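A.B. asks:
Numbering (my numbering), first residue to last: 116 to 363.
See below:
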């Protein structure tokens with residue numbers, strides 16, 4: 116048996132038969148949408164505020180804070196409502212084995228092959244789980260970054276003149292204020308960089324942009340793509356087959 120062969124008898128394509136692999140549930144896709152919306156809006160308004168763009172700073176600051184709440188609240192609600200899904204994700208994201216090391220040595224799952232090894236065969240990439248090594252690492256970084264951004268952002272907001280929507284106000288020393296603002300800025304830059312790479316690979320990079328539609332579409336991935344990129348996960352699934360009539 117070759118290294119890429121899938122042995123799950125439910126995962127076999129045949130003429131006139133199309134297999135779609137369901138990757139993300141509706142609740143996960145909704146949560147991801149609001150997290151992305153909150154993060155992108157907060158990032159844009161934060162950049163405009165940082166560089167002092169000549170717009171209404173008070174309005175931008177309010178948008179930044181409110182969309183920051185969207186970025187924070189959406190995953191909290193998801194964790195409470197869909198705890199089992201979140202626990203499964205964390206179990207996958209925190210599990211690393213020899214296949215993950217093989218992904219790193221590929222290098223980086225073969226993503227760098229077109230740039231470093233032009234004209235040469237693609238490197239062998241070990242079969243990956245539902246999320247490959249890079250996706251797992253990005254997920255952990257974004258979660259940790261989100262926690263720090265949420266904590267520092269709420270403290271910064273509470274330290275303003277009116278506090279958090281007039282409901283909560285915290286007085287901080289000038290030194291503590293500087294420290295929190297600096298930490299918020301540094302972590303925001305790092306998180307934005309991880310998000311940018313994640314977005315590029317998931318939505319723009321031709322080899323893997325199918326990932327975008329698994330999260331912002333109906334949640335399905337092509338069988339061939341899943342077999343190649345997430346073969347280890349595919350072996351564990353009982354795939355529902357959809358028969359397609361070829362009327363040509």
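We put the beta carbon where it would ideally sit given N, CA and C, even for glycine.
As the structure is a computational prediction, the values presented were derived from the model and not from experiment.
Locate the beta strand (DSSP E) running through residue 337, then write down its first and last residues.
C.D. replies: Here residue 337 refers to the residue found at position 222 of the chain shown. Taken as a continuous stretch (DSSP letters only), the beta strand (DSSP E) holding residue 337 covers 335-337.
A.B. asks: Within its chain, find whatever has a CB closer than 6 Å to the CB of residue 255; leave out the 5 residues flanking it on each side and keep chain order.
C.D. replies: Numbered from its first residue, the chain shown carries residue 255 at position 140. Counting only Cβ-Cβ distances below 6 Å, and skipping sequence neighbours, we find 208.
A.B. asks: Spatial neighbours of residue 283 within its chain, please: C-beta separation below 6 Å, excluding the five flanking residues on both sides.
C.D. replies: Here residue 283 corresponds to residue number 168 of the chain shown, with the count starting at 1. Within the same chain, residue 283 has close Cβ partners 273.
A.B. asks: Which residue marks the beginning of the alpha helix (DSSP H) containing residue 147, and which one marks its end?
C.D. replies: Working through the chain shown from its first residue, we reach residue 147 at position 32. Residue 147 -> alpha helix (DSSP H) spans 141-165.
A.B. asks: Any contact of the segment 146-156 with the segment 232-246, i.e. 3+ C-beta pairs under 8 Å?
C.D. replies: no
A.B. asks: In three-state DSSP terms, what is residue 135?
C.D. replies: Reading the chain shown from its first residue, position 20 is the one you call residue 135. Of the three classes helix, strand and coil, the one that applies to residue 135 here is strand, per DSSP.
A.B. asks: I believe residue 142 touches residue 197 by the beta-carbon criterion, under 8 Å. Please report the beta-carbon distance rounded to the nearest angstrom.
C.D. replies: One-based indexing of the chain shown puts residue 142 at position 27. One-based indexing of the chain shown puts residue 197 at position 82. The pair is a contact, with the Cβ atoms about 5 Å apart (cut-off 8 Å).
A.B. asks: Would you mind listing the beta strand (DSSP E) stretches within the segment 192-224 that are 3+ residues and don't spill past its ends, in chain order?
C.D. replies: Qualifying beta strand (DSSP E) stretches: none in this window.
A.B. asks: Which same chain residues end up closer than 6 Å to residue 225 when comparing Cβ atoms and leaving out the 5 residues on each side of it in sequence?
C.D. replies: Indexing the chain shown from 1 puts residue 225 at position 110. 237, 238 and 240, listed in sequence order.
A.B. asks: Looking at C-beta atoms only, is the number of pairs between the segment 288-303 and the segment 259-279 that lie closer than 8 Å three or more?
C.D. replies: yes
A.B. asks: Specify, as a first and last residue, the run of the alpha helix (DSSP H) that residue 326 falls within.
C.D. replies: As a working mapping, residue 326 is identified with position 211 in the chain shown. That run of the alpha helix (DSSP H) goes 325-331.
A.B. asks: What residues in its chain sit with their C-beta under 6 Å from that of residue 310, if we drop five residues either side in the sequence?
C.D. replies: Taking the first residue of the chain shown as 1, we reach residue 310 at position 195. Same-chain partners within the cutoff: there are none.
A.B. asks: Rounded to whole angstroms, what is the Cα-Cα separation between residue 176 and residue 167?
C.D. replies: One-based indexing of the chain shown puts residue 176 at position 61. One-based indexing of the chain shown puts residue 167 at position 52. Spanning the two alpha carbons is a distance of roughly 12 Å.
A.B. asks: One question on the structure: do residue 249 and residue 316 come within less than 9 Å of each other, judged by their Cβ atoms?
C.D. replies: Taking the first residue of the chain shown as position 1, residue 249 is located at position 134. Taking the first residue of the chain shown as position 1, residue 316 is located at position 201. It is a contact, given that the beta carbons lie within the stated cut-off.
A.B. asks: Which residues does DSSP pair with residue 180 in a beta bridge?
C.D. replies: In the chain shown, the residue the question calls residue 180 occupies position 65. Beta-bridge pairing links residue 180 to no other residue.
A.B. asks: Return the Cβ separation of residue 334 and residue 139 in integer angstroms, given the expectation that the two are a contact with Cβ distance under 8 Å.
C.D. replies: Along the chain shown, read from residue 1 onward, the residue named residue 334 stands at position 219. Along the chain shown, read from residue 1 onward, the residue named residue 139 stands at position 24. The Cβ separation is near 4 Å, so the contact holds.
A.B. asks: How many angstroms separate the CA atom of residue 222 from the CA atom of residue 247?
C.D. replies: Counting from 1 along the chain shown, the entry for residue 222 is found at position 107. Counting from 1 along the chain shown, the entry for residue 247 is found at position 132. Looking at the two C-alpha atoms, the distance is approximately 13 Å.
A.B. asks: From residue 340 to residue 185, what does the alpha carbon distance come to, in whole angstroms?
C.D. replies: Taking the first residue of the chain shown as 1, we reach residue 340 at position 225. Taking the first residue of the chain shown as 1, we reach residue 185 at position 70. Put simply, the backbone Cα of residue 340 is about 32 Å away from that of residue 185.
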